[in-house]
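Asks:
In my numbering, the protein residues as written are 1142 to 1495.
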């Protein structure tokens, strides 16, 4: 009996242990209270809200405002200097998410376009801003001169003419320089005349070259011819020979100077013409479209300013060189007049003493 009771107790303990095990296996995971779930959801929402978004569009400055692809956009946090770099897609759109709230500086750059720097934007926590930035394509030679309009052609002709004659006049004045210094040349001529050796003085003139030497050479040859003919020669006759030679030398020095003077005067007038036509275009645009879109006014105002600058760019160096060349001509004329008078007087004195 006692054994039977022990067996029954053992069987009962086994069933109880098995029930406890199965009961533990069937226990469901702990449920979350609705209030706790709400708190967790709010925490996640707050974390996502901290991340702000900066996005925008990059377009060109043409009338069509075409989007620009592959533009490098640098977004810099003004507080800590942290940089975020994104690139525009084929539609010219860029976007950067997950940014802390604060002030940011946006800079854009691309090869072939003018860079834009330091555009400042403020974004709040969880906020979003959209910014449209225009980039101007860098000018090449052709696109730059197209902005001048029809005035480009007369300005181009003026610039070519001015450059051509400036170079030509420079070569002329360089060639006209005496190969002997003026003081040395005059001293050599005076020494030959004191020795009454006219042909030596003529040889000195040929060796020196230049307008002064050519003019004195004409007067010396006229004096030498009178000596060969064994006749008296007057001061007026020698001066006449010198003046005739001057009529050949001075015009050569003054040649093409009137052209430079004309270009210096006309170029600013062409620039002014471009300014007037450009302003007419700008005011016509204002009359038709109003002032709401500055892009529509840029063409006329750009032409007005560029043509003025172009005309002055041609006229200023042209006027400078004209004045320089004119002063050189005047200096040669004064030098010829003074030296020739001195030499004529010396020849007449020598003739009188003879």
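A virtual CB, placed ideally from N, CA and C, is assigned to each residue, including glycine.
1) Spatial neighbours of residue 1265 within its chain, please: C-beta separation below 7 Å, excluding the five flanking residues on both sides.
2) Which word fits residue 1295, buried or exposed, when buried means at least 16 other C-beta atoms lie within 10 angstroms of its C-beta?
3) Report yes or no: do three or more beta-carbon pairs, one from the stretch 1446-1458 and one from the stretch 1480-1491, lie closer than 8 Å?
4) Taking C-beta to C-beta, are residue 1448 and residue 1289 nearer than 7 Å?
5) To which residues does DSSP link residue 1273 through a beta bridge?
6) Would residue 1404 and residue 1302 qualify as a contact pair, given that the criterion is a beta-carbon distance under 7 Å?
7) Just to confirm, is the Cβ distance from residue 1231 to residue 1216 under 7 Å?
8) At the level of alpha carbons, what is the spacing between residue 1196 and residue 1218?
9) Count the other CB atoms, across all protein chains shown, that sit within 10 Å of the CB of residue 1363; report buried if there are 16 or more and exposed otherwise.
10) Is the Cβ-Cβ distance between residue 1330 and residue 1360 less than 7 Å?
11) Terminal residues of the continuous alpha helix (DSSP H) containing residue 1249?
12) DSSP beta-bridge partners for residue 1224?
13) Would you tell me roughly how many angstroms separate the C-alpha atoms of residue 1200 and residue 1276, rounded to the nearest one?
14) Which residue's Cα is closest to the Cα of residue 1313: 1421, 1481, 1470, 1483?
15) Suppose the cutoff is 7 Å on Cβ atoms and the five residues either side in sequence are ignored; what does the same chain contact list for residue 1390 look like?
16) Would you call residue 1358 buried or exposed, if buried means 16 or more other Cβ atoms sit within 10 Å of its Cβ?
17) Give me the Cβ distance between residue 1462 and residue 1401, rounded to the nearest whole Å; I'm assuming they're in contact under 8 Å.
18) Can you list, in chain order, the stretches of the alpha helix (DSSP H) that have 4 or more residues and sit fully within the stretch 1310-1383?
19) In angstroms, rounded to a whole number, what distance separates the CA positions of residue 1399 and residue 1306?
20) Using C-beta distances below 6 Å, list every residue in its chain close to residue 1166, excluding the 5 sequence neighbours before and after it, in chain order.
21) Just how far apart, CA to CA, sit residue 1316 and residue 1350?
22) What three-state label does DSSP hand residue 1419 in the structure shown?
23) Please classify residue 1193: does DSSP put it in a helix, a strand, or coil?
24) Taking only the alpha-carbon atoms, compute the straight-line gap between residue 1332 and residue 1481 and give it to the nearest angstrom.
25) How many Å lie between residue 1245 and residue 1460 at the Cα?
26) Using only CA atoms, which one of 1234, 1428, 1213 lies nearest to residue 1226?
27) Would you call residue 1300 buried or exposed, if buried means 16 or more other Cβ atoms sit within 10 Å of its Cβ?
28) Using the rule of at least 16 other Cβ atoms within 10 Å of the residue's Cβ for burial, across every protein chain shown, is residue 1273 buried or exposed?
29) Could you spell out where the alpha helix (DSSP H) holding residue 1287 opens and where it closes?
30) Work out the CA separation of residue 1369 and residue 1337 for me, nearest whole Å.
31) For residue 1505, which residues from the same chain have a beta carbon less than 7 Å from its beta carbon, with the 5 sequence-adjacent residues on both sides left out?
32) Could you tell me if residue 1485 is buried or exposed, where buried requires 16 or more neighbouring beta carbons within 10 angstroms of its beta carbon?
Replies: Looking at the coordinates:
1) Here residue 1265 refers to the residue found at position 124 of the chain shown. Excluding residues within five positions, the ones whose Cβ falls inside 7 Å are 1193, 1242.
2) Residue numbering aside, residue 1295 sits at position 154 when the chain shown is read from its first letter. Around the beta carbon of residue 1295, 16 or more other beta carbons sit within 10 angstroms, so the residue counts as buried.
3) They do not touch, by the three-pair rule.
4) As a working mapping, residue 1448 is identified with position 307 in the chain shown. As a working mapping, residue 1289 is identified with position 148 in the chain shown. Between residue 1448 and residue 1289, the gap from beta carbon to beta carbon is short of 7 Å.
5) Your numbering for residue 1273 matches position 132 in the chain shown. Per DSSP, 1198.
6) Sequence index remark: in the chain shown, residue 1404 carries index 263 (1-based). Sequence index remark: in the chain shown, residue 1302 carries index 161 (1-based). It is a contact, given that the beta carbons lie within the stated cut-off.
7) Looking up residue 1231 in the chain shown gives position 90. Looking up residue 1216 in the chain shown gives position 75. It is not a contact, given that the beta carbons lie outside the stated cut-off.
8) Numbered from 1 along the chain shown, position 55 holds the residue referred to as residue 1196. Numbered from 1 along the chain shown, position 77 holds the residue referred to as residue 1218. Distance between the alpha carbons of residue 1196 and residue 1218: 15 Å.
9) Locating residue 1363 in the chain shown gives position 222, where the first residue counts as 1. With 16 or more Cβ atoms within 10 Å of its Cβ, residue 1363 is classed as buried.
10) Residue numbering aside, residue 1330 sits at position 189 when the chain shown is read from its first letter. Residue numbering aside, residue 1360 sits at position 219 when the chain shown is read from its first letter. Not in contact: residue 1330 and residue 1360 (Cβ atoms no closer than 7 Å).
11) Position 108 of the chain shown, counting from 1, holds the residue named residue 1249. Counting along the chain, residue 1249 falls outside any alpha helix (DSSP H), though it belongs to the beta strand (DSSP E) covering 1243-1250.
12) As a first step, residue 1224 must be located in the chain shown, where it is residue number 83. Within the DSSP bridge table, the entry for residue 1224 names 1217 as partners.
13) Position 59 of the chain shown holds residue 1200. Position 135 of the chain shown holds residue 1276. Their backbone Cα atoms lie some 6 Å apart in a straight line.
14) Locating residue 1313 in the chain shown gives position 172, counting from the first residue. Among 1421, 1481, 1470, 1483, the Cα nearest to that of residue 1313 is on 1470.
15) Counting from one through the chain shown, the residue named residue 1390 turns up at place 249. Counting only Cβ-Cβ distances below 7 Å, and skipping sequence neighbours, we find 1352, 1355, 1356.
16) Counting from one through the chain shown, the residue named residue 1358 turns up at place 217. Buried: at least 16 other Cβ atoms inside 10 Å.
17) Counting from one through the chain shown, the residue named residue 1462 turns up at place 321. Counting from one through the chain shown, the residue named residue 1401 turns up at place 260. The pair is a contact, with the Cβ atoms about 6 Å apart (cut-off 8 Å).
18) As far as the stretch 1310-1383 is concerned, its whole alpha helix (DSSP H) runs of at least 4 residues are 1323-1335, 1339-1349, 1352-1369.
19) On the chain shown, residue 1399 is found 258 positions in, with the first residue counted as 1. On the chain shown, residue 1306 is found 165 positions in, with the first residue counted as 1. Taking the straight line joining both Cα atoms gives about 10 Å.
20) What you label residue 1166 is simply residue 25 of the chain shown in a count that begins at 1. With a pLDDT of only 38 at residue 1166, under 50, the local geometry of the prediction cannot be trusted, and no value is derived from it.
21) Counted from its first residue, the chain shown places residue 1316 at position 175. Counted from its first residue, the chain shown places residue 1350 at position 209. Straight-line Cα distance between these residues: approximately 9 Å.
22) Within the chain shown, numbered from 1, the residue matching residue 1419 stands at position 278. Reduced to three states, the DSSP call for residue 1419 is helix.
23) To locate residue 1193, count along the chain shown from 1; it is residue 52. Residue 1193 falls in the strand class under three-state DSSP.
24) As a working note, residue 1332 is residue 191 in the chain shown. As a working note, residue 1481 is residue 340 in the chain shown. About 15 Å.
25) By 1-based counting over the chain shown, the position of residue 1245 is 104. By 1-based counting over the chain shown, the position of residue 1460 is 319. Whole-angstrom Cα-Cα distance: 51 Å.
26) Against the chain shown, residue 1226 aligns to sequence position 85. Nearest of 1234, 1428, 1213 to residue 1226, Cα basis: 1213.
27) In the chain shown, the residue the question calls residue 1300 occupies position 159. Of the other Cβ atoms in all chains shown, 16 or more fall within 10 Å of the Cβ of residue 1300; this residue is therefore buried.
28) Taking the chain shown and counting its residues from 1, one reaches residue 1273 at position 132. Counting Cβ neighbours within 10 Å, residue 1273 comes out exposed, since fewer than 16 surround it.
29) Position 146 of the chain shown holds residue 1287. Run containing residue 1287: 1282-1287, per the alpha helix (DSSP H) assignment.
30) For the purposes of this step, residue 1337 is taken as the residue at position 196 of the chain shown. For the purposes of this step, residue 1369 is taken as the residue at position 228 of the chain shown. Between residue 1337 and residue 1369, the C-alpha separation is close to 14 Å.
31) Because the chain is modelled from 1142 through 1495, residue 1505 falls outside the range shown and cannot be assessed.
32) Locating residue 1485 in the chain shown gives position 344, where the first residue counts as 1. For residue 1485, the number of other beta carbons within 10 angstroms of its own is at least 16, and it is reported as buried.
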